[in-house]
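Have a look at the structure below, then the notes.
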Amino acid sequence: MKIYTKKGDKGTTQLIGGKRVPKNNSRIEAYGTIDELNSYIGLVRDQDIDKQSFKMLVEIQDRLFTIGALLAKENSTNKIKLPLINQNDIDDLENEIDKMNEKLPVMKSFILPGGNTTISFCHIARCICRRAERLVVNLPKDTMQFDLILMYLNRLSDYLFVLCRFLGKQLNAKEIPWKPRI
């Protein structure tokens, strides 16, 4: 497969279905941010982390490719068959959040991002996830699986936050509470 086509040299790209749009189109911004998120999750996965977190991050990366494809699809009436997100994917995130949370101390305040490079990478992924969610919200509501994609991204950012704390505990990194100056 040839990587370059030169069709995008004038600032347009093609959606799944054939329609050409400017590269600053809101749909392109959304799935481009999903791609950025996926890359950062790969960076977290490449750190020295536990097997269950590694396995879950691989699953998440797979779902993010699915979301990227769904967002790149021209519209929901297009007949091209793509993989889908389902409620079980959201349930899996919630189950992992609950399992990790059981092993963590109760949070009494906001915490500052950081404490270890692995944790910082994970916080960056969480922030990119939130940005992706904000970009998806602006897409047409007839975007295929719009509601499930939003739910998944919202839950994923929660998962990534808890994963930051969970990895911090494994790495013996001290959580620094936010102390607002009032």
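Residues 10 to 191 in the working numbering are what the sequence shown spells out, letter by letter.
Even glycine gets a Cβ: it sits at the ideal position worked out from N, Cα and C.
As the structure is a prediction and not an experimental result, all values here were calculated from the model.
Residue i classed as buried or exposed, judged by whether at least 16 other C-beta atoms fall within 10 angstroms
i	result
Phe170	buried
Arg135	buried
Phe119	exposed
Thr14	exposed
Leu79	buried
Leu162	buried
Proximity of residue i and residue j at Cβ, strictly below 8 Å
i	j	result
Leu102	Gln154	no
Asn47	Leu73	yes
Ala39	Leu144	yes
Arg29	Thr42	no
Gly124	Lys183	yes
Asp98	Gly77	no
Lys178	Leu121	no
Cβ-based neighbour list, residue i, same chain, cut-off 8 Å, excluding 5 preceding and 5 following
i	result
Glu127	Reading off the sequence, residue 127 comes out as Thr, not Glu. Excluding residues within five positions, the ones whose Cβ falls inside 8 Å are Val53, Gln56, Asp57, Ile58, Leu176 and Leu180.
Met109	Val171, Leu172, Arg174 and Phe175
Glu111	none
Sequence-distant residues of its chain with Cβ nearer than 7 Å to residue i (five each side left out)
i	result
Ile12	none
Arg140	Thr42
Cys131	Val53, Leu169, Leu172, Cys173 and Leu176
Proximity test, residue i beta-carbon vs the ligand NAD heavy atom, cut-off 7 Å
i	result
Gly26	The ligand NAD is absent from the structure shown, which contains no ligand whatsoever.
Own chain partners of residue i with C-beta closer than 6 Å, once the 5 adjacent residues on each side are dropped
i	result
Ala81	Leu24, Ile25 and Tyr40
Point to revise | Start-end ranges of the alpha helix (DSSP H) lying completely within the segment 73 to 138, minimum 4 residues | key: 96 to 111
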